[in-house]
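Protein chains in written order, with the working numbering: chain G, 87 to 208; chain W, 2 to 432. Even glycine gets a Cβ: it sits at the ideal position worked out from N, Cα and C. Report on one structure; see the data block that follows.
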């Protein structure tokens with residue numbers, strides 16, 4: 087069984103495409119599509135990596151990231167944040183919240199795959 | 002300066018002072034005194050001078066530059082820190098009419114550009130509709146790019162996956178097309194206003210403005226919620242569903258206010274007391290905020306120009322009825338120095354301030370603000386508050402109220418070293 091990736095994203099076709107490329111690369115992919123109960127899912131899945139959309143219904147990716155970093159059990163989990171907002175202040179906000187890598191949409195599949203491979207040590 | 006204008010006109014016509022004096026029937030020395038503004042002139046002499054110089058008498062008495070001088074005064078008022086010699090403004094316009102016109106025209110042009118910047122900046126920075134549309138477009142592009150790459154790069158893709166990804170691309174490209182077209186119409190819709198895609202709030206304000214914010218059918222003693230529904234269904238047919246919902250809510254509050262403070266007694270009290278919201282509230286026994294809303298809903302013929310802005314506790318503007326001379330941002334991001342926000346911290350303690358907006362000429366408006374509770378607190382959530390700010394042209398009796406210099410929003414405010422500044426100004430510091 088491959089390493090576990092939790093993809094939290096609200097666009098179903100992005101979920102499908104990213105899940106496909108990661109699964110094909112051998113990752114075990116779980117998905118979730120809202121911010122309301124994202125933390126419960128993170129705790130339940132205990133993934134090796136989280137791919138997190140910045141703008142989610144219910145709770146923003148920035149808030150979820152802050153909660154992850156404040157959680158003793160999950161705090162060290164690498165988080166790759168995907169966002170449609172490329173402004174420097176958003177990037178700074180993500181960095182302050184403790185993001186491992188920040189990637190703006192639209193991204194290339196190769197870049198996502200490379201980032202995931204780099205963030206999770208085999 | 003009537004004398005200066007007579008002299009200029011004579012010189013332009015190529016008539017010698019002696020000849021003009023002779024034709025008008027006055028002595029050359031007297032004309033000389035008139036031309037140097039040392040003698041007042043009017044009546045028959047002025048008419049005769051105008052006739053000989055072949056100009057309308059008013060051109061000599063009032064000057065073609067009456068509008069010009071008003072424009073120069075506005076320009077000088079805006080930049081009062083430069084120290085323009087306002088007392089010599091007529092002399093300047095009289096002696097250098099070309100330069101004066103150029104200056105006044107540049108001021109007008111600058112003012113127009115500021116308004117354009119304000120509108121565009123407001124749209125880009127604070128418009129949730131625009132932000133949502135952009136997000137939708139980028140999300141569609143992301144999904145298409147990612148899916149298309151899979152189709153191109155995967156040699157042996159199972160047919161069911163191929164079908165699924167083809168369907169996804171088809172869906173996303175339709176979404177993208179729709180989103181992109183909406184954005185283009187939204188950003189470039191003007192000057193064809195009808196073609197412009199508006200937010201639900203914009204639609205609601207257009208609906209209210211078309212009626213002058215006044216709905217006589219809801220002022221009737223027998224008016225009820227069915228009249229609101231009928232109004233929205235008949236006149237609000239062209240509105241989007243969210244805009245209809247917003248309009249319905251607003252008209253329901255209008256109806257409730259009209260029942261609390263009916264039109265005829267209100268007009269009677271205004272006639273006997275005057276346009277004093279606090280005294281009207283005391284006389285009628287209703288909340289000051291209700292009086293504000295009622296005054297803002299009355300026709301201008303009854304109460305003159307009245308503006309109103311309402312915000313919730315987050316500072317979001319939830320209602321705007323504009324007043325000439327006081328600009329308001331479309332959705333959010335208003336100047337934090339407005340008394341509207343100050344009263345949020347002091348519920349039921351009204352505030353009267355005279356306001357002058359930076360970069361808006363010398364116009365001063367009277368602002369009356371109060372915040373009230375709109376829903377009771379519970380153990381699950383705090384009380385919901387709203388602040389109201391009524392705006393009227395400055396009245397003499399408000400002269401004792403403090404004068405405050407405020408802006409519209411930070412992006413288009415040139416005020417330096419402002420304690421309330423949230424972001425740099427594109428006017429003062431560039432884009």
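Nearest to residue i by CA position, among the options, is which residue?
i                     : options                       : result
residue 277 (chain W) : W:340, W:159, W:100 and W:307 : W:307
residue 335 (chain W) : W:158, W:288 and W:408        : W:408
residue 170 (chain G) : G:162, G:95 and G:89          : G:95
residue 37 (chain W)  : W:27, W:43 and W:7            : W:7
residue 148 (chain W) : G:105, G:91, G:112 and G:90   : G:105
residue 94 (chain W)  : W:387, W:403, W:2 and W:368   : W:2
residue 146 (chain W) : G:200, G:199, G:206 and G:191 : G:191
residue 304 (chain W) : W:382, W:99 and W:215         : W:215
residue 315 (chain W) : W:227, W:385, W:203 and W:258 : W:385
residue 320 (chain W) : W:254, W:302 and W:286        : W:254
residue 179 (chain G) : G:135, G:152, G:107 and G:145 : G:152
residue 368 (chain W) : W:243, W:75, W:104 and W:342  : W:342
residue 234 (chain W) : W:75, W:246 and W:279         : W:246
residue 205 (chain W) : W:240, W:218 and W:172        : W:240
residue 135 (chain G) : G:175, G:90 and G:183         : G:90
residue 99 (chain G)  : W:151, W:229, W:50 and W:358  : W:151
residue 186 (chain G) : G:195, G:164 and G:176        : G:164
residue 339 (chain W) : W:349, W:318 and W:22         : W:318
residue 97 (chain W)  : W:218, W:272, W:51 and W:9    : W:9
residue 349 (chain W) : W:287, W:310 and W:327        : W:287
residue 43 (chain W)  : W:61, W:169, W:92 and W:388   : W:61
residue 434 (chain W) : W:383, W:395 and W:117        : Because chain W here runs from 2 to 432, residue 434 (chain W) falls outside it and cannot be looked at.
residue 193 (chain G) : G:139, G:109 and G:149        : G:139
residue 330 (chain W) : W:225, W:310 and W:380        : W:310
residue 224 (chain W) : W:164, W:248, W:258 and W:183 : W:258
residue 252 (chain W) : W:274, W:226 and W:267        : W:226
residue 390 (chain W) : W:396, W:381, W:323 and W:421 : W:323
residue 121 (chain W) : W:418, W:413 and W:108        : W:413
residue 210 (chain W) : W:236, W:50, W:415 and W:111  : W:236
residue 32 (chain W)  : W:5, W:168 and W:345          : W:5
residue 181 (chain G) : G:113, G:155 and G:101        : G:155
residue 416 (chain W) : W:346, W:370, W:267 and W:337 : W:337
Taking residue i and residue j to be in contact with their CB atoms under 8 Å, please state how far apart those CB atoms are, rounded to whole angstroms.
i                     : j                     : result
residue 356 (chain W) : residue 366 (chain W) : 5 Å
residue 84 (chain W)  : residue 134 (chain W) : So it is not a contact: roughly 47 Å between Cβ atoms.
residue 132 (chain W) : residue 97 (chain G)  : Rounded, the Cβ-Cβ distance is 16 Å, inconsistent with contact.
residue 73 (chain W)  : residue 90 (chain W)  : 5 Å
residue 411 (chain W) : residue 424 (chain W) : 5 Å
residue 406 (chain W) : residue 359 (chain W) : 6 Å
residue 142 (chain W) : residue 177 (chain W) : 6 Å
residue 124 (chain G) : residue 108 (chain G) : Going by Cβ atoms, the distance from residue 124 (chain G) to residue 108 (chain G) rounds to 18 Å, so no, they are not a contact pair.
residue 168 (chain G) : residue 189 (chain G) : 5 Å
residue 34 (chain W)  : residue 40 (chain W)  : 4 Å
residue 77 (chain W)  : residue 87 (chain W)  : 5 Å
residue 344 (chain W) : residue 372 (chain W) : 4 Å
residue 256 (chain W) : residue 219 (chain W) : 5 Å
residue 281 (chain W) : residue 274 (chain W) : 6 Å
List the residues that DSSP assigns as beta-bridge partners of residue i.
i                     : result
residue 138 (chain G) : G:94 and G:167
residue 1 (chain W)   : The question about residue 1 (chain W) has no answer here: the residues shown for chain W are numbered 2 through 432.
residue 310 (chain W) : W:321 and W:390
residue 188 (chain G) : G:167
residue 327 (chain W) : W:324
residue 405 (chain W) : W:356
residue 385 (chain W) : W:376
The segment 156-174 of chain W contacting the segment 120-131 of chain G, beta-carbon criterion three pairs below 8 Å:
Note that the segment 156-174 of chain W does not touch the segment 120-131 of chain G; fewer than 3 beta-carbon pairs, one per stretch, sit closer than 8 Å.
Per the contact definition of three or more C-beta pairs closer than 8 Å, is the segment 286-297 of chain W in contact with the segment 260-274 of chain W?
Yes, they touch.
Enumerate, from N- to C-terminal direction, the unbroken beta strand (DSSP E) stretches of 3 or more residues contained entirely within the segment 358-382 of chain W.
With a minimum length of 3 residues, the continuous beta strand (DSSP E) runs that stay inside the segment 358-382 of chain W are 365-376.
Touch test, the segment 14-27 of chain W against the segment 131-140 of chain G, Cβ-Cβ under 8 Å, three pairs minimum
Touching, no.
With a floor of 4 residues, list each alpha helix (DSSP H) that falls wholly inside the segment 253-282 of chain W, ordered by position along the chain.
As far as the segment 253-282 of chain W is concerned, its whole alpha helix (DSSP H) runs of at least 4 residues are 264-274.
Which runs of the alpha helix (DSSP H) at least 4 residues long sit entirely within the segment 105-139 of chain G? Give them in chain order.
Complete alpha helix (DSSP H) runs here, min 4: 124-131.
To test your reading of the DSSP string, which unbroken alpha helix (DSSP H) runs of 4 or more residues are found completely within the segment 192-249 of chain W?
Taking only runs of at least 4 residues, the alpha helix (DSSP H) segments lying wholly in the segment 192-249 of chain W are 201-211 and 226-236.
Write down every uninterrupted run of the alpha helix (DSSP H) in the segment 108-177 of chain W whose length is 4 residues or greater and which is fully enclosed by it, in chain order.
Qualifying alpha helix (DSSP H) stretches, in chain order: 129-154.
Stretch pair the segment 20-39 of chain W + the segment 195-206 of chain G: three plus CB contacts closer than 8 Å
The segment 20-39 of chain W is not in contact with the segment 195-206 of chain G.
What residues from the segment 172-186 of chain W come within 8 Å of chain A, judged by C-beta to C-beta, listed N to C?
Among the chains of the structure shown, chain A does not appear; the protein chains present are G and W.
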